[in-house]
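Each residue of the sequence shown is one higher than the last, beginning at -1 in the numbering used here.
C-beta atoms are modelled at their ideal positions from N, C-alpha and C, and glycine is treated no differently.
Right, one structure below, let's go through it.
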Amino acid sequence: MKTLLLFFMVCGKILTAQLLTVNNLRHLTSGSLQNLDTKLAEHFNLERNKDMEDPDNRVYAVADREVSRFKVLTVFINARNCLAISLVTHDQEEVYRFHQDLLKEGFAMREYKDSYGNSGKNYTKEQIIVTIKDTVTDIPAQQIIWRCR
């Protein structure tokens, strides 16, 4: 019985360790900046990359640079009302699960085309705006932007 309980606890930790959930991003962007490094490193295996930063942002990346696991997270620390986050990832399944989570949480979705003709999706709910769009690179990736109004 103890083994079964331990198994379910470990599974719960693994399932909640996904970066792209509405609750995780809401929690990350509303917390203090000084705890951000610890949260991202411990829960999502992202390390701070100071070489890519400037005074207005922090950049985090996965330690494993293999293309299938590639993930770069930029936190804009001077954004209005809450921290803004931009995530570039090659994990299409993770992006799809996040899209489903946004809809489940009641975000309204609107498709759009930018000035270059690239399509994307905007999701809005209360004070949060989320954008999901394809990046224009040689390797297929998607960018997710989380920001407050």
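**Q.** VAL20 in three-state terms, based on DSSP
**A.** helix
Q | Enclosing beta strand (DSSP E) for LYS119 [first to last residue] | A | 117 to 123
Q. Going by beta carbon distance, what residues of the same chain come within less than 8 Å of THR133, once the five residues before and after it are set aside?
A. VAL86, ALA139, GLN140, GLN141
Q: Identify every run of the alpha helix (DSSP H) within the stretch 32 to 118, keeping only runs that are complete inside it and at least 4 residues long; order them along the chain.
A: 34 to 42, 90 to 102
(Q) If you measure between the beta carbons of ALA82 and LYS69, is that distance less than 9 Å? (A) no
Q.
Tell me the rounded alpha-carbon separation between LEU31 and THR135.
A. 30 Å
Q | Member of SER84, GLN90, ALA106 whose CA lies at the smallest distance from the CA of LEU26 | A | If we check each option's Cα against that of LEU26, SER84 comes out closest.
Q. Between CYS80 and the rest of its own chain, which residues show a CB-CB distance below 7 Å, the 5 nearest in sequence each way excluded?
A. THR27, SER28, CYS146
Q) Apart from the five residues on each side of it in sequence, which residues of its chain come closer than 6 Å, Cβ to Cβ, to LEU23? A) TRP144
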